[in-house]
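Numbering (our numbering), first residue to last: 11 to 397. To start, the structure itself, in structure tokens.
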Amino acid sequence: MSHLMNTYARLPVAFTHGQGAKVFDESGRSYLDALAGIAVSTLGHAHPRLVKAIADQAGRILHASNIYRIREQEQLGDRLAALSGMDEVFLCNSGCEANEAAIKLARMFGHQKGIDSPAIVVMEKAFHGRTLATLSATGNRKVQAGFEPLVGGFVRVPFDDLAAVENIAANNVVAVLLEPIQGEGGINVAHPEYLQGLRRICDERGWLLMFDEIQCGLGRTGYWFACQHAGVKPDVMTLAKGLGSGVPIGACLATGPAAGVFKPGNHGSTFGGNPLACTAALTTLAVIEEEGLLHRAAALGEKLRADFAGALAGQAGIVSIRGDGLMIGIELDRPCGELVTRALERGLLINVTAERVVRLLPALVFTDKDAQELVSILSTLISEFLA
Ligand SMILES: *Cc1c(COP(=O)(O)O)cnc(C)c1O
11 MSHLMNTYAR LPVAFTHGQG AKVFDESGRS YLDALAGIAV STLGHAHPRL VKAIADQAGR
71 ILHASNIYRI REQEQLGDRL AALSGMDEVF LCNSGCEANE AAIKLARMFG HQKGIDSPAI
131 VVMEKAFHGR TLATLSATGN RKVQAGFEPL VGGFVRVPFD DLAAVENIAA NNVVAVLLEP
191 IQGEGGINVA HPEYLQGLRR ICDERGWLLM FDEIQCGLGR TGYWFACQHA GVKPDVMTLA
251 KGLGSGVPIG ACLATGPAAG VFKPGNHGST FGGNPLACTA ALTTLAVIEE EGLLHRAAAL
311 GEKLRADFAG ALAGQAGIVS IRGDGLMIGI ELDRPCGELV TRALERGLLI NVTAERVVRL
371 LPALVFTDKD AQELVSILST LISEFLA
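What follows is the structure in structure tokens.
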């Protein structure tokens, strides 16, 4: 028996190494990785540039406290600001921490405006993390059950429903927090007009528009950030998963009215933005740009959805094939969690979320051959499952 706390229902396989979109288990068996550690391994496994950059950085300095200047962090701040058009960057170690920073920032923004009990609008089916504040912001009772009392100050509305936000009458609202594409909630893509409408409402009412791009950001949709698809710039944006291509790092970006809210002493993190993590992130961003992976994600994603539509045409039980770029959901008309083990048996790593949605989040370096293999194995599995 393992001494690890029983927090995960783990599949019976352990990986020893990988190469691109392939990973190998302890017996040497190879798997096609169409999940990339849930949108984490942006550059696939063992990308030579990332391996070298991390090794070189480890040979110089791994960690320096945030009581000193950290040049790698300053460079990453500049780079993220240039890519996003945002002004300020706070670095941390994970997605929930990035969202904690955003929630704290929104509350302090409210207090600075004289709102003593600030509230943040959040969405049904949202996922924002597992800390107390972020699970309270999450729109999934399973994530919250047993942890009451929840953190207060959240107002929940249906996702992609502009009227629901327009109709909020409360006078203590300070911000709206949402994923432009919901990940855990089932690959639910917000309409561009919805995001544009939220921008207008937030401008009119002096609310912060806060996008959680922890899963959908960093090139996955073919844009650096999914919101750029709709031409909407938020006031706060959170990043994590794919940012370090496997090295833990998160970021909370702020601009406009959200910039300048935090002062020294308001927020911090021991490990946040250490030289190793920042080098991994800088290298990830450089490789995405130099290898043309934005274009790649958009084109390959479109091809994958079309190929799945072709392979599954006429198959009863398919509700929809959706997503953007390499963030793909195939919704079935019934719970399909067992597809994960069936895929594993055939050497394919996938995930099922929201009970009925097969979720694919492959590395941005996924090749045409990987894509062909994925469509062939998975469409056969789905057809067998639905038969
Ligand atoms: C994964 C995820 C989080 C939480 O990130 P952790 O690093 O697990 O804390 C938050 N928001 C979204 C959209 C996510 O997909």
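Even for Gly, the Cβ is constructed at its ideal location relative to N, Cα and C.
At what residues does the alpha helix (DSSP H) containing L295 begin and finish?
Residue mapping note: residue 295 aligns to position 285 of the sequence shown, counting from 1. Residues 285-300.
Just to confirm, are L391 and A326 a CB contact at a threshold of 8 Å?
Here residue 391 is taken as the residue at index 381 of the sequence shown, counted from 1. Here residue 326 is taken as the residue at index 316 of the sequence shown, counted from 1. Going by C-beta atoms, L391 is not nearer than 8 Å to A326.
First through last residue of the alpha helix (DSSP H) which encompasses C212:
Here residue 212 is taken as the residue at index 202 of the sequence shown, counted from 1. That run of the alpha helix (DSSP H) goes 202-215.
Would the region 137-145 and the region 117-129 be scored as touching if the rule is three or more Cβ pairs under 8 Å?
Touching, no, given that fewer than three Cβ pairs across the two stretches are closer than 8 Å.
Beta-carbon spacing of L205, C237 below 8 Å:
For this step, residue 205 is matched to residue 195 along the sequence shown. For this step, residue 237 is matched to residue 227 along the sequence shown. Closer than 8 Å, so yes.
For E394 and F100, the rounded distance between their alpha carbons
Here the question's residue 100 lines up with position 90 in the sequence shown. Here the question's residue 394 lines up with position 384 in the sequence shown. If you take the alpha carbons of F100 and E394, they lie about 47 Å apart.
With H, G and I counted as helix, E and B as strand and the rest as coil, what does DSSP make of V375?
Numbered from 1 along the sequence shown, position 365 holds the residue referred to as residue 375. Coil, per DSSP.
Limits of the unbroken alpha helix (DSSP H) element including N361
On the sequence shown, position 351 is the one that residue 361 refers to. Per DSSP, N361 belongs to no alpha helix (DSSP H); it is in the beta strand (DSSP E), 361-363.
In terms of residue numbering, what span does the alpha helix (DSSP H) encompassing V5 cover?
The structure shown does not extend to residue 5, since the chain spans only 11 to 397, so no value can be given for it.
Can you name the residues that DSSP bridges to A25?
Position 15 of the sequence shown holds residue 25. What sits at residue 25 in the sequence shown is Phe, not Ala. Partner(s): D35.
Let's test the definition: count the other Cβ atoms within 10 Å of the Cβ of F119 and tell me whether it reaches 16, buried, or not, exposed.
Within the sequence shown, residue 119 is the residue found at index 109, counting from 1. Its Cβ being crowded by 16 or more others within 10 Å, F119 is buried.
Give the C-beta separation of G54 and G30 to the nearest angstrom, bearing in mind that I take them to be a contact with Cβ-Cβ under 8 Å.
Taking the sequence shown and counting its residues from 1, the one referred to as residue 54 is at position 44. Taking the sequence shown and counting its residues from 1, the one referred to as residue 30 is at position 20. Their Cβ separation, rounded to whole angstroms, is 4 Å, which keeps G54 and G30 in contact under 8 Å.
Can you find at least 3 beta carbon pairs, one from the region 291-304 and one from the region 238-246, that sit closer than 8 Å?
These segments do not touch.
Would a C-beta distance cut-off of 8 Å place A321 and S255 closer than the cut-off?
For this step, residue 321 is matched to residue 311 along the sequence shown. For this step, residue 255 is matched to residue 245 along the sequence shown. Note that the C-beta distance between A321 and S255 is not below 8 Å.
Below 7 Å, is the gap between the Cβ of S255 and the nearest heavy atom of ligand 1?
For this step, residue 255 is matched to residue 245 along the sequence shown. Not so, every heavy atom of ligand 1 lies at least 7 Å from the Cβ.
Here's the rule I'm using: 16 or more other beta-carbon atoms within 10 Å means buried, otherwise exposed. How should A179 be labelled?
As a position in the sequence shown, residue 179 is number 169, starting the count at 1. Label assigned to A179: exposed.
Around the C-beta of Y41, are 16 or more other C-beta atoms found within 10 angstroms, so that it is buried, or is it exposed?
The count along the sequence shown starts at 1 and reaches residue 41 at position 31. Buried: at least 16 other Cβ atoms inside 10 Å.
Could you check what DSSP says for G320 in three-state terms: helix, strand or coil?
Taking the first residue of the sequence shown as position 1, residue 320 is located at position 310. Looking at G320 - three-state DSSP - the assignment turns out to be helix.
Distance between G149 and G156 (C-alpha atoms, nearest Å)
As a first step, residue 156 must be located in the sequence shown, where it is residue number 146. As a first step, residue 149 must be located in the sequence shown, where it is residue number 139. It is roughly 15 Å from the alpha-carbon of G156 to the alpha-carbon of G149.
Beta-bridge partners of R332, as assigned by DSSP
In the sequence shown, residue 332 corresponds to position 322, counting from 1. In the DSSP output, where bridge partners are listed per residue, R332 has G339.
On the three-state DSSP scale, how would you describe A185?
Taking the first residue of the sequence shown as position 1, residue 185 is located at position 175. Under the three-state reduction of DSSP output, A185 falls in the strand class.
Which residue wins for smallest C-alpha separation from L160, given the options V167, R151, P168?
Indexing the sequence shown from 1 puts residue 160 at position 150. Shortest Cα-Cα distance from L160 to any of V167, R151, P168 involves R151.
Need the endpoints of the beta strand (DSSP E) that I130 sits in, please.
Numbered from 1 along the sequence shown, position 120 holds the residue referred to as residue 130. Start and end: 129-133.
Is the closest heavy atom of ligand 1 to the C-beta of C237 under 7 Å?
Taking the sequence shown and counting its residues from 1, one reaches residue 237 at position 227. Outside the cutoff, so no.
Using beta-carbon positions only, say whether M133 and F169 come within less than 8 Å of one another.
As a working note, residue 133 is residue 123 in the sequence shown. As a working note, residue 169 is residue 159 in the sequence shown. Against a cut-off of 8 Å, the Cβ pair of F169 and M133 comes out as a contact.
Could you say which of V375, L359, V329, A381 lies nearest to V367 if we only look at CA atoms?
For this step, residue 367 is matched to residue 357 along the sequence shown. Nearest C-alpha to V367: V329.
Alpha-carbon to alpha-carbon, E176 and E348:
Residue mapping note: residue 348 aligns to position 338 of the sequence shown, counting from 1. Residue mapping note: residue 176 aligns to position 166 of the sequence shown, counting from 1. Computed Cα separation, rounded: 40 Å.
Taking the Cβ atom as the reference point for each residue, do I64 and L304 lie within a distance shorter than 8 Å?
For the purposes of this step, residue 64 is taken as residue 54 along the sequence shown, with counting starting at 1. For the purposes of this step, residue 304 is taken as residue 294 along the sequence shown, with counting starting at 1. No, they are not a contact pair.
Report back the beta-carbon spacing between M96 and L263 to the nearest angstrom; my notes put them in contact at under 8 Å.
To locate residue 96, count along the sequence shown from 1; it is residue 86. To locate residue 263, count along the sequence shown from 1; it is residue 253. Right, their Cβ atoms sit about 4 Å apart.
Using 10 angstroms around the beta-carbon of N109, count the other beta-carbons present and answer buried if the total reaches 16, otherwise exposed.
Within the sequence shown, residue 109 is the residue found at index 99, counting from 1. So N109 counts as buried.
At what residues does the alpha helix (DSSP H) containing V61 begin and finish?
Residue 61 sits at position 51 when you count from the first residue of the sequence shown. Residue range 58-70 is occupied by the alpha helix (DSSP H) that includes V61.
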